[in-house]
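Asker: Chains as they are written, first to last, in the numbering used here: chain C, 1 to 86; chain L, 87 to 172.
There are 2 protein chains.
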Amino acid sequence: MVLVEVMPKAELLDPQGKAVAGALHRLGSSAFDGVRVGKRFELHVVGPVTDAVLAEARQVAETLLANLVIEDVVSVREATDLEARA
Amino acid sequence: MVLVEVMPKAELLDPQGKAVAGALHRLGSSAFDGVRVGKRFELHVVGPVTDAVLAEARQVAETLLANLVIEDVVSVREATDLEARA
Numbered sequence: 001m002v003l004v005e006v007m008p009k010a011e012l013l014d015p016q017g018k019a020v021a022g023a024l025h026r027l028g029s030s031a032f033d034g035v036r037v038g039k040r041f042e043l044h045v046v047g048p049v050t051d052a053v054l055a056e057a058r059q060v061a062e063t064l065l066a067n068l069v070i071e072d073v074v075s076v077r078e079a080t081d082l083e084a085r086a
Numbered sequence: 087m088v089l090v091e092v093m094p095k096a097e098l099l100d101p102q103g104k105a106v107a108g109a110l111h112r113l114g115s116s117a118f119d120g121v122r123v124g125k126r127f128e129l130h131v132v133g134p135v136t137d138a139v140l141a142e143a144r145q146v147a148e149t150l151l152a153n154l155v156i157e158d159v160v161s162v163r164e165a166t167d168l169e170a171r172a
């Protein structure tokens, strides 16, 4: 399994994150002063995760999974055994 | 920074993941046979990430960030230096 993580670009407002941060504040949680919300994709792979598969995942991430105008691909990596089971 | 990862429950359909998998297939990408789409939250912490902060993050994850009827909290952990910089 390959994991792809996509987050809104740091220089952009993140209304969903702002909403969560506001809710946390109203609920009395003071440990956190900012929240950003992104996406986590699990790509299930046919066969073993080779370098070619990771390269393809990287290409897919940048063309299909993330909108590079407003988002960054933070990470493309093979899932650990623990992550693959979750 | 604390990272919280939330995914749709395995036993539920994930229409967004199905749509991505269909698009991959149509675009000729044959390495992947399934996609699931979840969320990744970055919680920025005031001060150091202590056990108390992680416990609070876990509670926030299960009450506010995930809808436990249809989603699982996959992971609540301190971000590595590399992840925090991204």
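We put the beta carbon where it would ideally sit given N, CA and C, even for glycine. Bear in mind that the values here come from a model prediction, so they are computed numbers and not experimental data.
Any idea if glycine 38 of chain C is buried or exposed, counting beta-carbon neighbours within 10 angstroms, 16 or more meaning buried?
Answerer: Buried is the call here.
Asker: The beta strand (DSSP E) with aspartate 158 of chain L in it runs from where to where?
Answerer: Segment 157-164, the beta strand (DSSP E) holding aspartate 158 of chain L.
Asker: For valine 88 of chain L, count neighbouring C-beta atoms within 10 Å of its own C-beta (all shown protein chains included) and say buried if the count is 16 or more, exposed if not.
Answerer: Looking at its Cβ environment, which holds 16 or more other Cβ atoms inside 10 Å, valine 88 of chain L is buried.
Asker: Assuming glycine 22 of chain C is part of the beta strand (DSSP E), what are its boundary residues?
Answerer: No beta strand (DSSP E) contains glycine 22 of chain C, which is instead part of the alpha helix (DSSP H) from 15-26.
Asker: Using a Cβ-Cβ distance cut-off of 9 Å, determine whether alanine 84 of chain C contacts chain L.
Answerer: No, its Cβ sits nowhere closer than 9 Å to a Cβ of chain L.
Asker: Tell me whether valine 132 of chain L sits in a helix, a strand or coil according to DSSP, three-state version.
Answerer: Coil.
Asker: Can the beta-carbon of histidine 25 of chain C be found less than 9 Å from the beta-carbon of glycine 120 of chain L?
Answerer: No. Outside cutoff.
Asker: When the distance is taken between beta carbons, is alanine 165 of chain L closer than 9 Å to valine 159 of chain L?
Answerer: Not closer than 9 Å, so no.
Asker: Is it right to say glutamate 5 of chain C is buried, meaning 16 or more other beta carbons lie within 10 angstroms of its own, or is it exposed?
Answerer: Glutamate 5 of chain C is buried by the Cβ-count criterion.
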